[in-house]
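In what follows, a structure is listed as structure tokens, so that the remarks can point back to it.
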């Protein structure tokens, strides 16, 4: 009984490692195109937020607010 349990455990860990590797590969394959799509959007939004913040600071300076 012990030998069978040990063999089963080895099989499951090897199979688990393989399925984990496959899952990581699939995530990478999906993530690369999503990143290519999302990166320009993130850069645009970051620039807009920076411009809005700069505009607020300029308006406060013009009004003389601290």
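In the UniProt record's numbering, the protein residues as written are 1 to 66.
Heads up, the beta-carbon is just placed ideally off N, CA and C, and yes, glycines get one too.
Quantities reported herein were computed from a predicted structural model and do not represent experimental measurements.
Handout entry: Whole-angstrom distance between residue 26 and residue 49, CA atom to CA atom
Key = 34 Å
Practice task
Measure the C-alpha to C-alpha separation of residue 37 and residue 47 and round it to an integer number of angstroms.
Solution key: 17 Å
Handout entry: Own chain partners of residue 17 with C-beta closer than 7 Å, once the 5 adjacent residues on each side are dropped
Key = none
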